[in-house]
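Participant: Here my numbering is used: position 12 in the sequence shown is 4, and no number is missing along the way.
All residues carry an ideal CB built from backbone N, CA and C; glycine is no exception.
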Amino acid sequence: MSKKAFHVYNIIILLLLLSFNLLVLLAYGFGEGGMGVSQLVPIALSFVIWSVFYLIQFARSNKTWRISWFLVMLVFLYFWKTGVGSAFDRLIG
């Protein structure tokens, strides 16, 4: 895989992340309770997590390094978006 392919894959993940987060924001907008800082923390941290993993992937030019960190990013963001982020939010909030 080329460097361009990794950029494309990461942008696709970013667009998926953006769409899921916009759906979450829309759901909070329809709710009666409103939206506070504790609801924004997991949404904002998901973009921070993506950007950190994106920078880690391109720290070295080794393809194995990039593939392994891309897969780690996918697994981490999957667990983050499916509930582990909520548990972390309850811990700090």
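If you reduce the DSSP assignment to three classes, tell me which class Leu82 lands in.
Facilitator: Residue numbering aside, residue 82 sits at position 90 when the sequence shown is read from its first letter. It should be noted that the sequence gives Arg, not Leu, for residue 82. The answer is helix: DSSP assigns Arg82 an H, G or I state.
Participant: Look at the Cβ atom of Ile41, then the Cβ atom of Trp61, and state whether they are nearer than 8 Å.
Facilitator: For the purposes of this step, residue 41 is taken as residue 49 along the sequence shown, with counting starting at 1. For the purposes of this step, residue 61 is taken as residue 69 along the sequence shown, with counting starting at 1. Their beta carbons are not under 8 Å apart, which means Ile41 does not touch Trp61 by this criterion.
Participant: Where does Ser38 land, buried or exposed, given buried means 16+ other C-beta within 10 angstroms?
Facilitator: In the sequence shown, counting from the first residue as 1, residue 38 sits at position 46. Buried, because 16 or more other Cβ atoms sit within 10 Å of the Cβ of Ser38.
Participant: Alpha helix (DSSP H) containing Arg58: first to last residue?
Facilitator: Translated into the one-based positions of the sequence shown, residue 58 becomes position 66. Taken as a continuous stretch (DSSP letters only), the alpha helix (DSSP H) holding Arg58 covers Lys55 to Phe71.
Participant: For Phe50, which three-state DSSP category applies?
Facilitator: Translated into positions along the sequence shown, residue 50 becomes position 58. Looking at Phe50 - three-state DSSP - the assignment turns out to be coil, as it is neither helix nor strand.
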